[in-house]
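First comes the structure, then the notes that go with it.
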Amino acid sequence: QKEVEQNSGPLSVPEGAIASLNCTYSDRGSQSFFWYRQYSGKSPELIMSIYSNGDKEDGRFTAQLNKASQYVSLLIRDSQPSDSATYLCAVMKRVDTGKLIFGQGTTLQVKP
Amino acid sequence: DVKVTQSSRYLVKRTGEKVFLECVQDMDHENMFWYRQDPGLGLRLIYFSYDVKMKEKGDIPEGYSVSREKKERFSLILESASTNQTSMYLCAVQGRKGDNEQFFGPGTRLTVL
């Protein structure tokens, strides 16, 4: 079992729809969770971090964390073609190391 | 946000060459990381450093070494480049204490012929 799992996709949504990206992790003691966006040929860009159960909203993005289910998700409202990218979920098991474990990423395609 | 720069965007080297990849940050952050990213394998941690002259092996350190002589600069060294080290190399810096966010540099696309 991979430590951080994501559906590779592609996930295809029409412009203006809500895109829902999901991630599960295996270490129940994991403490910090991050979503990165990566355009083709570019480096990952941090878009959200979440540390406690519940929802965290930032503009069109909402991160959701459920530690009991070991599940973290990213919702993108009013999806735009410019949101088309690969979204990487990353989990920090221990804050003192700073090490991140990355999922394989989900490719999102937003169709005009 | 932290600004992270990497010495080259694209690099072509020959098998057996010694290769230096440099990463520089503009803030006084302790933690720096080197990853490589390959299709189907995702991001994998090569080495990381908590402070000057300190280094820790990541998940795939074989064939690599690192150097951190100054806090702002973290170098990845390929002692004798091989074709299987052709990859995208990404440096990351961890933000201010208690934040834990990592910020990436633009990456270096290395091709070993």
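Top to bottom, those sequences are chains W and C.
Each residue of the first sequence is one higher than the one before, starting from -14 at the first, in the numbering used here.
Each residue of the second sequence is one higher than the one before, starting from 2 at the first, in the numbering used here.
Don't be surprised by glycine CBs; every beta carbon is placed ideally from N, CA and C.
Bear in mind the structure is a predicted one, so any value in this text is a computation, not a measurement.
- prompt: Under 8 Å between C-beta atoms, does Phe18 of chain C make it to chain W?
  reply: Reading the sequence as shown, one finds Glu at residue 18 of chain C and not Phe. Taking Cβ atoms only, chain W never reaches closer than 8 Å to Glu18 of chain C, which makes this a no.
- request: Starting from Glu102 of chain C, find everything on chain B with Cβ-Cβ shorter than 9 Å and list it in chain order.
  value: The structure shown contains no chain B; its protein chains are W and C.
query: Are the CB atoms of Thr71 of chain W and Leu60 of chain W nearer to each other than 8 Å?
result: no
Simplified DSSP assignment, three categories, for Pro(-1) of chain W: strand
Beta-carbon spacing of Gly1 of chain W, Ser58 of chain W below 8 Å: no
message: By the DSSP assignment, the beta strand (DSSP E) with Lys41 of chain W in it spans what residues?
response: 39 to 43
message: 8 Å is my cut-off, CB to CB: does Phe46 of chain W come that close to chain C?
response: no
Reference Val53 of chain C; option with closest CA among C:Gly96, C:Arg69, C:Pro62: C:Arg69
- prompt: Taking buried to mean at least 16 other C-beta atoms within 10 Å of its own C-beta, is Gly83 of chain W buried or exposed?
  reply: buried
- request: Indicate the three-state DSSP secondary structure (helix, strand or coil) for Gln103 of chain C in the structure shown.
  value: strand
- request: Sort W:Gly90, W:Asn38, W:Cys8 by Cα distance to Glu98 of chain W and report the nearest one.
  value: Nothing about residue 98 of chain W can be reported from this structure: the residues present for chain W run from -14 to 97 only.
task: Helix, strand or coil for Thr84 of chain C, going by three-state DSSP, please let me know.
output: helix
Assigned secondary structure, Ser5 of chain W (DSSP; H/G/I helix, E/B strand, else coil): strand
task: Tell me the start and end of each unbroken alpha helix (DSSP H) in the region 21 to 74 of chain C that is at least 4 residues and wholly inside, in chain order.
output: none
query: Would the region 35 to 50 of chain W and the region -13 to -3 of chain W be scored as touching if the rule is three or more Cβ pairs under 8 Å?
result: no
query: How many Å lie between Glu18 of chain C and Glu80 of chain C at the Cα?
result: 7 Å
- request: Would you tell me roughly how many angstroms separate the C-alpha atoms of Lys4 of chain C and Leu6 of chain W, rounded to the nearest one?
  value: 28 Å
Short CB-CB distance (under 8 Å) between Leu59 of chain W and chain C: no
query: By the criterion of Cβ-Cβ separation under 7 Å, what are the contact partners of Gln95 of chain C in chain W?
result: Gly83
- prompt: If you pair each beta-carbon of the region 6 to 15 of chain C with each one of the region 40 to 55 of chain C, do three or more pairs fall below 8 Å?
  reply: no
field: For Met28 of chain C, the nearest candidate out of C:Gly108, C:Pro40, C:Thr112, C:Ala93 (CA to CA)
entry: C:Ala93
field: Cβ shell of Tyr24 of chain W (< 6 Å), same chain only, five flanking positions each side left out
entry: Ala70
- request: Could you tell me the distance, in whole angstroms, from the CA atom of Gln38 of chain C to the CA atom of Ala53 of chain W?
  value: 30 Å
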